[in-house]
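Protein chains in written order, with the working numbering: chain L, -2 to 360; chain Y, 5 to 104. Each residue gets a CB set at the ideal place from its N, CA and C atoms; glycine is no exception.
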């Protein structure tokens, strides 16, 4: 194995000596980034950090060790990376990172803005940073605030392209044929467009959710198509609370909260097209749903219920009122409770309990 | 009311034998304590020998479920009779548990 010259060996010795400090810096950086992402509520693909391996540094020093006076001149010994879902998040994170760390602007690069008009390729934001003493300070290790590290921010698609490009060409040190280079650049262009499209879709979806929320708040439920998003908005307005409170009052029961999103497919199966259709069923069948609960719970001492009781009873009453019978109830229990042979028996028992209630006799 | 807990690989299986009501709930709550301390396990509540469950029993099941969720464990209620399943339906607890 080829050995390093004296100059490069000095840098390598410096690398070994500073390793524990780098480990500490790595932890500080990762903690800071994780806490920041949690604080701003941003989901990302990954947050990672690594210290350059001895093997990798040896390779770098052999190639261009003459360029560096000391270890401090090599800015990527410690590297961190945030991989986002969306391009918009790269910009948002960039502005936050600029406030978190001291940025060495002379050596930081926004490669996204370096592109010529006729070229594509490696898009990423690279900051060379220091940990400011206002963020973390250890009087025994003042170097911790002096050593620079590299922070990359890129999207998942940029990361995929960069990783594959690195694997096919750069890493092996073999210049790849122009035809393959052209194909890689075509892919880069395509991924850049896909990144923009994902951001655009997210923005439109956020706008759509806001509009739906507004329509729900204004009670214009017939204008809102029934889907997972809109049903969630509808439930956040807690339309079942009055019925659940009436049911709880039967035995002075406490109410345990439970998600109700599973009822979306039940209302879809009922043929509901809009939130207006769902709302009308709830309004029309609430009294009978309460009577069913009173009939079931009235002669028990059960004083704990879940918040799904109201919704469940409305569905039972609706099915029976529409002539859905026992089979309709089996389908309901299969939908909300999973398929189980006992659901037939349960449907039979529920049907028998409801048989003498007014809504069954009025149909 | 007898409550037993057995370990089977990653599973903790609690079997309930008898009536789980106000009179037996304190002893049952004590017996299931190991379930509340389990992390990243599959907790099976085997109700094949459970004859009756009251609100006190439902609260014990609920506590197990809440603790399990906070500790990365999963709770499955297994082999409940039709009568007890009816209690789960009437109270809406059927939406709270995975029932097999």
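Indicate the three-state DSSP secondary structure (helix, strand or coil) for residue i in the structure shown.
i	result
residue 116 of chain L	Low confidence applies here, because residue 116 of chain L scores a pLDDT of 49, under 50, leaving its location unreliable; read the following figure in that light. DSSP places residue 116 of chain L in coil when its eight states are reduced to three.
residue 56 of chain Y	strand
residue 135 of chain L	coil
residue 257 of chain L	coil
residue 238 of chain L	helix
residue 102 of chain Y	strand
residue 52 of chain L	helix
residue 96 of chain Y	coil
residue 227 of chain L	helix
residue 310 of chain L	helix
residue 62 of chain L	helix
residue 336 of chain L	coil
residue 28 of chain L	helix
residue 91 of chain Y	helix
residue 70 of chain Y	helix
residue 44 of chain L	strand
residue 298 of chain L	coil
residue 148 of chain L	strand
residue 217 of chain L	coil
residue 376 of chain L	The first residue shown for chain L is -2 and the last is 360, placing residue 376 of chain L beyond what the model contains.
Using the C-alpha atoms, what's the distance from residue j back to residue i?
i	j	result
residue 115 of chain L	residue 182 of chain L	A caution first: residue 115 of chain L carries a pLDDT of 46, below 50, which makes its placement in the model too unreliable to give a value.
residue 324 of chain L	residue 121 of chain L	58 Å
residue 291 of chain L	residue 78 of chain Y	32 Å
residue 82 of chain Y	residue 264 of chain L	28 Å
residue 18 of chain L	residue 138 of chain L	8 Å
residue 96 of chain L	residue 336 of chain L	54 Å
residue 164 of chain L	residue 105 of chain L	24 Å
residue 209 of chain L	residue 198 of chain L	16 Å
residue 342 of chain L	residue 218 of chain L	37 Å
residue 7 of chain Y	residue 35 of chain L	42 Å
residue 158 of chain L	residue 178 of chain L	12 Å
residue 86 of chain Y	residue 39 of chain Y	25 Å
residue 90 of chain Y	residue 102 of chain Y	15 Å
residue 215 of chain L	residue 314 of chain L	28 Å
residue 185 of chain L	residue 175 of chain L	15 Å
residue 252 of chain L	residue 245 of chain L	7 Å
Of all the options the options, which has the alpha carbon lying nearest to the alpha carbon of residue i?
i	options	result
residue 70 of chain Y	Y:18, Y:83, Y:42, Y:17	Y:42
residue 71 of chain L	L:124, L:145, L:139, L:35	L:145
residue 132 of chain L	L:324, L:22, L:13	L:22
residue 357 of chain L	L:317, L:38, L:326	L:317
residue 74 of chain L	L:81, L:58, L:80, L:63	L:58
residue 49 of chain L	L:13, L:32, L:179	L:13
residue 44 of chain L	L:153, L:231, L:197	L:153
residue 9 of chain Y	Y:51, Y:103, Y:101, Y:25	Y:51
residue 78 of chain L	L:216, L:31, L:5	L:31
residue 5 of chain Y	Y:55, Y:80, Y:38, Y:45	Y:55
residue 39 of chain L	L:187, L:322, L:93	L:93
residue 7 of chain L	L:62, L:155, L:212	L:62
residue 76 of chain L	L:47, L:69, L:223, L:27	L:47
residue 102 of chain L	L:173, L:51, L:125	L:125
residue 278 of chain L	L:192, L:236, L:89	L:236
residue 48 of chain Y	Y:68, Y:34, Y:32, Y:33	Y:68
residue 26 of chain L	L:1, L:84, L:87, L:98	L:98
residue 11 of chain Y	Y:25, Y:36, Y:31	Y:36
residue 41 of chain L	L:84, L:5, L:338, L:246	L:84
residue 241 of chain L	L:10, L:306, L:314, L:15	L:306
residue 274 of chain L	L:227, L:251, L:244	L:227
residue 46 of chain Y	Y:88, Y:92, Y:73, Y:95	Y:73
residue 188 of chain L	L:196, L:207, L:155	L:155
residue 53 of chain Y	Y:104, Y:80, Y:24, Y:92	Y:24
Is any non-hydrogen atom of the ligand FMN found closer than 8 Å to the C-beta of residue i, if you look at the structure I gave you?
i	result
residue 96 of chain L	As for the ligand FMN, it is missing from this structure, which has no ligand bound.
Round the Cβ separation of residue i and residue j to the nearest angstrom and send it over; I've been treating them as touching at under 8 Å.
i	j	result
residue 248 of chain L	residue 289 of chain L	No, residue 248 of chain L and residue 289 of chain L are not in contact; Cβ-Cβ is about 15 Å, not under 8 Å.
residue 334 of chain L	residue 98 of chain Y	5 Å
residue 351 of chain L	residue 311 of chain L	Contact doesn't hold; Cβ gap of about 13 Å is too wide.
residue 271 of chain L	residue 222 of chain L	6 Å
Exercise for review: Could you tell me whether the region 47 to 66 of chain Y touches the region 291 to 303 of chain L, where touching means 3 or more Cβ pairs closer than 8 Å?
Suggested key: yes
Review point. Counting Cβ pairs, one atom from each stretch, are 3 or more of them under 8 Å apart for the region 9 to 17 of chain Y and the region 329 to 347 of chain L?
Key: no
Exercise for review: Tell me, please, whether the region 323 to 338 of chain L touches the region 277 to 286 of chain L by the rule of three or more beta-carbon pairs shorter than 8 Å.
Suggested key: no
Review point. Counting Cβ pairs closer than 8 Å, one from the region 253 to 270 of chain L and one from the region 226 to 245 of chain L, do we hit at least three?
Key: yes
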